[in-house]
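Enquirer:
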Amino acid sequence: AQSVTQPDIHITVSEGASLELRCNYSYGATPYLFWYVQSPGQGLQLLLKYFSGDTLVQGIKGFEAEFKRSQSSFNLRKPSVHWSDAAEYFCAVTGGSYIPTFGRGTSLIVHP
Amino acid sequence: GAVVSQHPSRVICKSGTSVKIECRSLDFQATTMFWYRQFPKQSLMLMATSNEGSKATYEQGVEKDKFLINHASLTLSTLTVTSAHPEDSSFYICSARSDRENTEAFFGQGTRLTVV
Numbered sequence: 001a002q003s004v005t006q007p008d009i010h011i012t013v014s015e016g017a018s019l020e021l022r023c024n025y026s027y028g029a030t031p032y033l034f035w036y037v038q039s040p041g042q043g044l045q046l047l048l049k050y051f052s053g054d055t056l057v058q059g060i061k062g063f064e065a066e067f068k069r070s071q072s073s074f075n076l077r078k079p080s081v082h083w084s085d086a087a088e089y090f091c092a093v094t095g096g097s098y099i100p101t102f103g104r105g106t107s108l109i110v111h112p
Numbered sequence: 001g002a003v004v005s006q007h008p009s010r011v012i013c014k015s016g017t018s019v020k021i022e023c024r025s026l027d028f029q030a031t032t033m034f035w036y037r038q039f040p041k042q043s044l045m046l047m048a049t050s051n052e053g054s055k056a057t058y059e060q061g062v063e064k065d066k067f068l069i070n071h072a073s074l075t076l077s078t079l080t081v082t083s084a085h086p087e088d089s090s091f092y093i094c095s096a097r098s099d100r101e102n103t104e105a106f107f108g109q110g111t112r113l114t115v116v
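For the record, the sequence lines run as chains D and C.
So for the first sequence, our numbering puts the first residue at 1; every next one is plus one.
So for the second sequence, our numbering puts the first residue at 1; every next one is plus one.
#1: Compute the Euclidean distance between the alpha carbons of residue 71 of chain D and residue 20 of chain C, then round it to the nearest angstrom.
#2: By the three-class DSSP mapping on this structure, what secondary structure does residue 22 of chain C have?
#3: Just to confirm the assignment, what range does the beta strand (DSSP E) spanning residue 112 of chain C have?
#4: Using Cβ-Cβ distances below 9 Å, what residues of the segment 48-68 of chain D are close to chain C?
#5: Report the neighbours of residue 11 of chain D on chain C: residues whose CB is nearer than 7 Å to its CB, in chain order.
#6: Note down the Cα distance separating residue 112 of chain D from residue 1 of chain D, rounded to an integer number of angstroms.
#7: Are the CB atoms of residue 101 of chain D and residue 32 of chain D within a distance shorter than 8 Å?
#8: By Cβ distance, which residues of its chain are closer than 8 Å to residue 67 of chain C, with the 5 residues on each side in sequence left out?
#9: Which same chain residues end up closer than 6 Å to residue 20 of chain D when comparing Cβ atoms and leaving out the 5 residues on each side of it in sequence?
#10: Residues of chain D with a CB under 9 Å from the CB of residue 12 of chain C: which are they?
#11: Any idea which residues DSSP pairs residue 64 of chain D with across the strands?
#12: Drop a sphere of 10 angstroms on the beta-carbon of residue 7 of chain C, count the other beta-carbons inside from all chains shown, and report buried for 16 or more, exposed for fewer.
#13: Less than 7 Å between C-beta atoms, sequence neighbours within five positions excluded: which residues of the same chain meet that for residue 109 of chain C?
#14: Residues bridged to residue 110 of chain D by DSSP?
#15: Between the alpha carbons of residue 18 of chain C and residue 65 of chain D, how many angstroms are there, rounded?
#16: Could you tell me if residue 91 of chain C is buried or exposed, where buried requires 16 or more neighbouring beta carbons within 10 angstroms of its beta carbon?
#17: Please check if any C-beta of chain C sits within less than 8 Å of the C-beta of residue 98 of chain D.
#18: What residues in the segment 20-49 of chain D bring their beta carbon closer than 7 Å to a beta carbon of chain C?
#19: Given residue 25 of chain D, which residues of its chain have a CB within under 6 Å of its CB, disregarding the five upstream and five downstream residues?
#20: What's the C-alpha gap between residue 115 of chain C and residue 11 of chain C?
#21: Residues of chain A with a CB under 9 Å from the CB of residue 102 of chain D: which are they?
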């Protein structure tokens with residue numbers, strides 16, 4: 001069975017600072033990995049995804065993530081955070097069943 | 001990306017009544033649709049997976065008689081919460097994917113259900 005761990009429930013950063021949100025997954029083969037963002041009362045918006053190929057993936061809104069097979073990680077990064085980035089971030093994995101399994105989410109708080 | 005439309009975005013109903021939530025794929029054929037429930041400040045909990053034309057597969061602990069899922073066409077799935085009670089109040093999100101595309105699932109904007 002696949003699983004996702006997001007070890008940080010909350011992350012607080014200052015506007016303009018860099019950001020890294022952690023994600024570790026468990027899956028026996030090569031996973032498909034995703035990062036989603038959710039604003040309050042809204043659905044999920046896909047930030048980026050990894051299926052294969054280059055392990056550094058670029059997404060929307062200036063986000064990127066790096067797939068590290070040896071560490072079973074897919075951490076999300078952004079070099080300079082904007083106040084509008086404050087939201088809930090979910091890492092997800094799918095395997096052969098194509099059913100997304102989500103982490104518990106990380107709440108990003110941005111201080112001015 | 002593909003668009004999934006979920007309706008209504010918010011609904012308030014009286015205890016004991018039924019509520020239907022629709023999930024439509026607007027520009028692709030959704031061979032598989034997923035229904036999730038999300039409690040405040042928590043992650044998405046998969047309730048069921050439905051494939052077009054067949055019965056939904058429910059996750060353990062989800063009452064299939066309470067949460068009726070119909071996936072009658074390649075563009076529409078519905079979730080009906082029957083005899084709703086206040087504990088059914090939650091945020092429900094659908095997602096859809098196509099077997100013909102890659103493995104990505106696209107999400108609706110969610111439905112906030114409040115049972116009073």
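Ideal Cβ placement from N, Cα and C applies to all residues, glycine included.
Expert: Working from what's here:
#1: 43 Å
#2: strand
#3: 111-115
#4: 49, 51
#5: Within chain C, no residue comes near residue 11 of chain D; the closest Cβ sits about 14 Å away, beyond 7 Å.
#6: 41 Å
#7: no
#8: 35, 47, 48, 58, 79, 80, 81, 82
#9: 75, 77
#10: None at all; the shortest Cβ gap to chain D is about 14 Å.
#11: D:58, D:77
#12: exposed
#13: 6, 9
#14: D:13
#15: 42 Å
#16: buried
#17: yes
#18: 32, 41, 42, 43, 44, 46, 49
#19: 4, 31, 72, 93
#20: 8 Å
#21: You won't find chain A in this structure, because its protein chains are D and C.
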